[in-house]
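First comes the structure, then the notes that go with it.
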Amino acid sequence: MAAAGTQLGRLLGGLWFLAALLGRPGATAAAPAVAAVDGRRAVAATGEDFVCATLDWWPPDKCDYGTCAWGRAGLLNLDLSNKVLLNAVRAFSPPLLLRLGGSLQDKVVYGYGAGRPCAPFVRNASEMHGFSQGCLPLRRWDDLNAFFRRSGAKVVFGLNALNGRVPLPDGSMGGPWDYTNAASLIRYTANKGYRIHGWELGNELSGTGVGARVGADQYAADVIALKALVDDVYRSEPSKPLVLAPGGFFDQAWFTELVVKTGPDLLSVVTHHVYNLGPGRDTHLIDKILDPSTLDGMVSTFSDLQRLLKSTGTSAVAWVGEAGGAYNSGRHLVTDAFVFSFWFLDQLGMAARFDTKSYCRQSLVGGNYGLLNTTTFQPNPDYYSALLWHRLMGTEVLAVTFSGTNKIRAYAHCARDSPGITLLLINLSGNATARVSVTAQGAAAAHAHRHGARKHGGGRKFRHVHVPGFAGAGEAAAGAVRHEYHLTPKDGDLTSQVVMLNGRALATDAAGNIPALEAVEVDAARPIAVTPYSIVFARVPHFSAPACRVDR
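Numbers -29 to -1, 1 to 523, taken from mature numbering (1 follows the signal peptide of the UniProt record, and there is no 0), label the letters of the sequence shown in order.
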């Protein structure tokens, strides 16, 4: 009886919350829509550690457009004793994947022996990226690894790929990679027993490059050298670190040459970067984020890379190794505010749909696009978006067809570690609420076919012909509930750095603990109410999807 009362209370609470949302001033009448999920088979799969974040090398005097947004968030300066930082990483289970790298990684040398100076980066406008060479002291590497061990993080380390290069007449950097210094770091790391998930070669040297470029033929030879080095150092280990490359912007011809010339089984991961919104100084960033056509602009990159990997027969998989959306450190109160979760979660959904295994957000902390505030370490809205994805969205990706406005972005996965599916709905409209019914696409489509109905489509999304009253795999049994997580900005302000979860502001407590992320329970027979400028994760445990067996 007590359990029944508790469930009734949760349902009533969910109804009260939804009524409050739907009653907000300025919202137009709710428009009916259908999300048809095909649970018969997965169309793609992510890795268990799909959500990833970066830590960068930038020193405090890294400035863009007159603003110095990095503070002491760089790898050489980050306060590794901060409780919020530690708890923010620990909150992810499976562990959070951290990629260490960035623009300055190709200017980093690694801890020399006694008697040799290990100098930090120094501002120098005449140097590539505006800084001199910098050094990672081995004692700092020890401290970083102690933090990774305490937090449980998995680590990918980006190596300096410019050592030994010489300028060529065509403006590129040529000559074989001198891996002497990198080898000393890898051997030191292995001898100390530090667990490294992967070693990545270079940062943004592919194609036309950023600051410098290296030809694909030479890069392939260097990746082969790195693989041989890793195999040698870890020859007694049953599981060896991954080898990743090139960590740059996708260039079809360049990436194809790299993949072909490294062979089918040598390169573990092909990494590319995403900054599709342009420079952080752009005053129209919010307009771009809310524009479906801008968001869809990345489809070709993801699909082209997916096609490349399939056509070459390589065993390498795709990762987004760094994604900050807006380059040059982002833009304050945009890329560190609620509005950026529209871009970020849409990117996660889109990347997953095209078989991306991990997606590394720039950054965990630092710049104007950190998941955490650069000075206080308090989580920004995107941190909670990332954590909800990590906890709710499983690895199997399901096809969704959505009928209704193009202002709703819809993605579905098998639920993580529980029956059913999780649906992600993103409302880019500031004045229209969508009432979304969830149906089983395969069953409804078969019924429609028998009755002569047609499905119309084109591009990534296509219209689903809904058959009223048809009982498919998505139909709820009497008394079934759905678990919903509604994300909205505080006071309805898209530039707010405070996110509301089901009407409650999220913040750490006095001890720096990450708050609980609690759902509201809703009668599963009711449509999902996606209010203006909001995001909803809906876990639907009753949805029968053969692709989503929990025991798989």
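Ideal placement from N, C-alpha and C gives every residue a C-beta, glycine not left out.
Excluding the 5 residues preceding and the 5 following residue i in the sequence, name in chain order all residues of the same chain whose CB lies nearer than 8 Å to its CB.
i: V79; result: W28, Q104, G105, C106, L107, N131
i: A487; result: none
i: T362; result: According to the sequence provided, residue 362 is Arg. The question's Thr does not apply to it. Correct list, in chain order: R387, L488.
i: P235; result: T283, G284, T285, S286
i: T346; result: G42
i: P439; result: Only weak support is given to the placement of P439: the predicted model assigns it a pLDDT of 31, under 50, and the value that follows is read from those uncertain coordinates. So the list is empty, once near-sequence residues are dropped.
i: M144; result: L133, R136, V137, P138, L176, A183, R184, V185
i: D202; result: K211
Assign residue i to one of two classes, buried (16 or more other C-beta atoms within 10 Å of its C-beta) or exposed (fewer than that).
i: E208; result: exposed
i: N299; result: buried
i: H255; result: exposed
i: T272; result: buried
i: F324; result: Correcting the residue identity first, residue 324 is Arg in this sequence and not Phe. Answer is buried; the Cβ neighbour count reaches 16.
i: residue 525; result: The chain is shown only over -29 to 523; residue 525 falls outside these bounds and no answer can be derived.
i: Y330; result: buried
i: P138; result: exposed
i: D141; result: exposed
i: R510; result: buried
i: S97; result: exposed
i: N339; result: buried
i: D317; result: buried
i: A415; result: Its pLDDT being 48, under 50, A415 is placed unreliably in this model, and the coordinates cannot settle the point.
i: A7; result: buried
i: P217; result: buried
i: D307; result: buried
i: A124; result: buried
i: residue 524; result: With the chain running from -29 to 523 in the structure shown, residue 524 is simply not present.
i: Y504; result: buried
i: G180; result: buried
i: R87; result: exposed
i: D32; result: exposed
i: G146; result: exposed
i: H427; result: Low local confidence applies: a pLDDT of 29 at H427 is under 50, so the model's placement there is unreliable, with the coordinate-based value given in what follows. Looking at its Cβ environment, which holds fewer than 16 other Cβ atoms inside 10 Å, H427 is exposed.
Near residue i, what residues of its chain come up, given a Cβ to Cβ distance below 7 Å and the 5 sequence neighbours on each side ignored?
i: D114; result: L51
i: S312; result: P352, D353, S356, L458, I506
i: A24; result: L67, L69, C331, R332, S334, L335, L342
i: E19; result: P65, T366
i: D9; result: L369, A370, Q412, G413
Have a look at the DSSP bridge pairing and note the partners of residue i.
i: R332; result: A24, A294
i: C385; result: I392
i: T242; result: P217, W290
i: I260; result: Answer is none; I260 lacks a bridge partner.
i: N398; result: I379
i: R115; result: Reading off the sequence, residue 115 comes out as Leu, not Arg. Answer is none; L115 lacks a bridge partner.
i: G249; result: A297
i: D35; result: T38
i: H457; result: V507
i: M364; result: A386
i: M471; result: T459, A476
i: E492; result: H454
i: L316; result: According to DSSP, which records beta bridges pairwise, L316 is partnered with nothing at all.
i: I485; result: For I485, which the question treats as bridged, DSSP gives no partner whatsoever.
i: P350; result: L343
i: F102; result: R94
What does a CB cutoff of less than 6 Å around residue i pick up in its chain, not counting 5 residues either side in sequence?
i: M99; result: G182
i: P30; result: G45, F92
i: H420; result: Its pLDDT being 44, under 50, H420 is placed unreliably by the model, and nothing is read from it.
i: L477; result: Y355, V470, P486
i: A516; result: G10, I392
i: Y81; result: L107, N152, L156
i: W314; result: I260, G296
i: A191; result: L229, K232, T233
i: V55; result: F348, T479, G483
i: V60; result: L67, S122, A124
Taking 8 Å as the CB-CB limit, is residue i close to chain D?
i: K259; result: Any reference to chain D falls outside this structure, which holds one protein chain only.
Any heavy atom of the ligand FAD inside 7 Å of the beta-carbon of residue i?
i: S515; result: Among the components of this structure there are no ligands whatsoever, and the ligand FAD is therefore not found.
Inter-stretch contact at 8 Å, needing at least 3 Cβ pairs: the region 250 to 269 / the region 199 to 219: No, the region 250 to 269 is not in contact with the region 199 to 219.
Segment contact, 8 Å Cβ cut-off, at least three pairs: the region 332 to 351 with the region 388 to 399: No, because fewer than three Cβ pairs between the region 332 to 351 and the region 388 to 399 fall closer than 8 Å, the two stretches do not touch.
Given 8 Å, three or more beta-carbon pairs between the region 33 to 44 and the region 382 to 390: With fewer than three CB-CB distances shorter than 8 Å, the region 33 to 44 does not count as touching the region 382 to 390.
Any 3 or more C-beta pairs closer than 8 Å across the region 364 to 379 and the region 292 to 310: Taking a cut-off of 8 Å on C-beta distances, the region 364 to 379 does not touch the region 292 to 310, as fewer than three cross pairs fall below it.
Segments of 3+ residues assigned as beta strand (DSSP E) that fall wholly inside the region 59 to 95: Counting only runs of 3 or more, we get 68 to 71, 79 to 81.
Contact the region 117 to 135 vs the region 157 to 176: 3+ CB pairs below 8 Å: The region 117 to 135 vs the region 157 to 176: in contact.
Any 3 or more C-beta pairs closer than 8 Å across the region 182 to 202 and the region 215 to 228: Output reads yes: the region 215 to 228 touches the region 182 to 202.
Contained beta strand (DSSP E) runs [length at least 3] in the region 136 to 219, N- to C-terminal order: Listed in chain order, the beta strand (DSSP E) runs fully inside the region 136 to 219 are 169 to 172, 213 to 219, counting runs of at least 3 residues.
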